[in-house]
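Protein chains in written order, with my numbering: chain S, 93 to 342; chain C, 16 to 154.
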């Protein structure tokens with residue numbers, strides 16, 4: 093059928109034609125605009141020449157889980173993911189920018205501080221949840237059956253002559269011998285930081301025993317910036333679009 | 016009204032037996048009198064070809080489906096058309112100046128996600144709802 097061939101050839105030549113430089117740039121601009129980006133991001137390679145990997149690995153797992161959920165939805169199966177993840181339009185992971193330790197070389201109480209830059213958050217979206225994730229190794233220095241109380245605080249105000257004002261965000265109890273990722277709910281802190289960005293003084297983590305004795309987080313097995321790249325602490329924030337994005341006519 | 020013997024009707028749906036949603040570079044091709052009927056086309060956008068794999072983590076590319084073709088009466092038996100589109104196509108035949116043809120447009124959309132680095136090495140997973148055309152039809 094000549095009309096069939098004509099239409100088929102027309103479509104094939106359209107699809108196989110190479111894009112000119114200008115068309116390619118226009119297509120790149122169009123896709124960046126859909127992603128809500130002003131330009132192409134330029135991620136910086138870290139000192140070792142490789143990017144930090146714990147957050148990307150976690151996010152890649154999340155990407156695959158979301159893709160599976162989308163396929164399941166098409167087949168009318170129940171969504172396997174939690175409500176927060178299923179309803180999220182954007183999920184962002186934040187690399188730890190600063191880490192301060194008050195370890196065994198200082199006086200008690202011991203703590204670890206982390207800071208995340210939330211200035212690049214998407215506009216027109218609201219935070220539905222935020223998590224701080226930190227990896228814990230088995231603690232070999234103490235009784236593995238001993239209970240540890242790990243608490244995470246938002247630093248509200250810092251003083252030069254006295255202890256900082258803190259706000260308790262989340263608390264977990266686990267055995268010293270436990271190993272794996274610990275997840276703390278830091279939604280309240282991320283909401284404060286989004287409302288007032290200069291109030292972002294970071295998070296502080298304490299470890300205590302049942303009898304209230306302070307323990308150095310490092311010796312309790314909690315890994316910081318000096319840990320392996322795949323086990324470095326990071327923060328994840330879930331966003332939901334407050335309204336449908338208005339697309340500019342192009 | 017005359018009461019007729021009722022036959023058990025199948026569940027009412029706009030999805031006809033063979034919805035036009037086959038994957039591939041071309042979906043099912045229907046050509047009627049030299050005109051291409053409404054169907055789904057694929058235009059694959061490769062992030063690799065765009066040189067973006069330094070910041071786009073996944074996917075490697077994106078199937079940008081679109082709907083194109085004519086909604087001319089009689090509508091193809093395989094076509095995913097609304098009842099209104101069938102009526103509109105008929106009325107268009109009678110009054111082509113007053114009533115336009117039904118439009119070839121997506122009948123089903125699904126979400127897609129993109130995972131990428133920003134300039135601060137943060138990782139962003141963005142879900143775009145109603146982004147991928149799953150099937151086309153006459154509206």
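We treat Cβ as the ideally placed atom computed from N, Cα and C, and that holds for glycine.
Note that the structure is a prediction, hence the values are computed from the model and not measured.
Residue-level contact to chain S via CB, residue i, 9 Å cutoff
i, result
"residue 153 (chain C)", "no"
"residue 102 (chain C)", "no"
"residue 148 (chain C)", "no"
"residue 126 (chain C)", "yes"
"residue 120 (chain C)", "no"
"residue 27 (chain C)", "Per-residue confidence for residue 27 (chain C) stands at a pLDDT of 39, beneath the threshold of 50, marking its modelled position as unreliable; the derived number appears in the next sentence. By this cut-off, residue 27 (chain C) is not an interface position."
"residue 69 (chain C)", "yes"
"residue 155 (chain C)", "A query on residue 155 (chain C) cannot be resolved here, the shown segment of chain C reaching from 16 to 154 and no further."
Buried versus exposed call for residue i [16 or more other C-beta atoms within 10 Å across all chains shown]
i, result
"residue 228 (chain S)", "buried"
"residue 115 (chain S)", "exposed"
"residue 91 (chain C)", "buried"
"residue 63 (chain C)", "exposed"
"residue 226 (chain S)", "buried"
"residue 276 (chain S)", "buried"
"residue 324 (chain S)", "buried"
"residue 239 (chain S)", "exposed"
"residue 155 (chain S)", "buried"
"residue 331 (chain S)", "buried"
"residue 295 (chain S)", "buried"
"residue 291 (chain S)", "exposed"
"residue 183 (chain S)", "buried"
"residue 113 (chain S)", "exposed"
"residue 318 (chain S)", "exposed"
"residue 133 (chain S)", "buried"
"residue 192 (chain S)", "exposed"
"residue 113 (chain C)", "exposed"
"residue 320 (chain S)", "exposed"
"residue 161 (chain S)", "buried"
"residue 131 (chain C)", "buried"
"residue 177 (chain S)", "buried"
"residue 111 (chain S)", "exposed"
"residue 103 (chain C)", "buried"
"residue 122 (chain C)", "buried"
Residue i: contacting residues in chain C (beta-carbon distance under 7 Å)
i, result
"residue 136 (chain S)", "136"
"residue 148 (chain S)", "72 and 138"
"residue 209 (chain S)", "135"
"residue 212 (chain S)", "133, 135 and 137"
Interface residues of chain C facing residue i [CB-CB closer than 9 Å]
i, result
"residue 181 (chain S)", "141, 142, 143 and 144"
"residue 334 (chain S)", "By Cβ distance, chain C contributes nothing, its closest Cβ being about 14 Å from residue 334 (chain S), past 9 Å."
"residue 185 (chain S)", "137, 138, 139 and 140"
Chain C within 9 Å of residue i, Cβ atoms only
i, result
"residue 286 (chain S)", "no"
"residue 305 (chain S)", "no"
"residue 246 (chain S)", "no"
"residue 162 (chain S)", "yes"
"residue 126 (chain S)", "yes"
"residue 322 (chain S)", "no"
"residue 281 (chain S)", "no"
"residue 121 (chain S)", "no"
"residue 132 (chain S)", "yes"
"residue 249 (chain S)", "no"
"residue 290 (chain S)", "no"
"residue 139 (chain S)", "Annotation note: pLDDT 45 at residue 139 (chain S) (below 50); position unreliable, no value reported."
"residue 238 (chain S)", "no"
"residue 343 (chain S)", "Absent from the model: residue 343 (chain S). The displayed extent of chain S is 93 to 342, so no value can be given."
Beta-carbon neighbours of residue i, restricted to chain S and to distances below 8 Å
i, result
"residue 81 (chain C)", "Going along chain S, no residue has its Cβ under 8 Å from residue 81 (chain C), so there is no contact; the nearest lies around 11 Å."
"residue 60 (chain C)", "119 and 123"
Chain S residues whose Cβ lies nearer than 7 Å to that of residue i
i, result
"residue 130 (chain C)", "151, 152 and 155"
Contact list for residue i against chain C, beta-carbon separation under 8 Å
i, result
"residue 159 (chain S)", "128"
Neighbour list for residue i in chain S, Cβ cutoff strictly below 9 Å
i, result
"residue 87 (chain C)", "Per Cβ cutoff of 9 Å: no residues; residue 87 (chain C) is ~14 Å from chain S at best."
Contained beta strand (DSSP E) runs [length at least 3] in the segment 175-233 of chain S, N- to C-terminal order:
Here the runs fully enclosed are 182-194, 203-208 and 217-228.
Which ranges would you report for the beta strand (DSSP E) in the segment 258-325 of chain S if only whole runs of at least 3 residues count?
272-277 and 295-301
Threshold first: 3 residues or longer. Then list the beta strand (DSSP E) segments lying entirely within the segment 38-112 of chain C, N to C.
If only complete runs of 3 or more residues are kept, the segment 38-112 of chain C shows the beta strand (DSSP E) at 54-61, 71-73 and 76-83, in order along the chain.
Answer yes if the segment 264-278 of chain S comes into contact with the segment 185-193 of chain S, meaning at least three C-beta pairs across the two stretches below 8 Å, and no otherwise.
Flag = no, the segment 185-193 of chain S and the segment 264-278 of chain S do not touch.
Any chance the segment 296-305 of chain S sits against the segment 236-250 of chain S, with 3 or more Cβ pairs inside 8 Å?
yes
Determine contact between the segment 75-92 of chain C and the segment 136-153 of chain C, defined as no fewer than three beta-carbon pairs at a distance below 8 Å.
In short, these stretches touch, since the Cβ pair count reaches three.
Kindly confirm or deny that the segment 67-74 of chain C and the segment 102-119 of chain C touch, where touching means at least three C-beta pairs closer than 8 Å.
The answer is no - the segment 102-119 of chain C does not touch the segment 67-74 of chain C, with fewer than three Cβ pairs under 8 Å.
Between the segment 308-318 of chain S and the segment 200-211 of chain S, can you find at least three pairs of beta-carbon atoms closer than 8 Å?
Contact holds: three or more Cβ-Cβ distances are below 8 Å.
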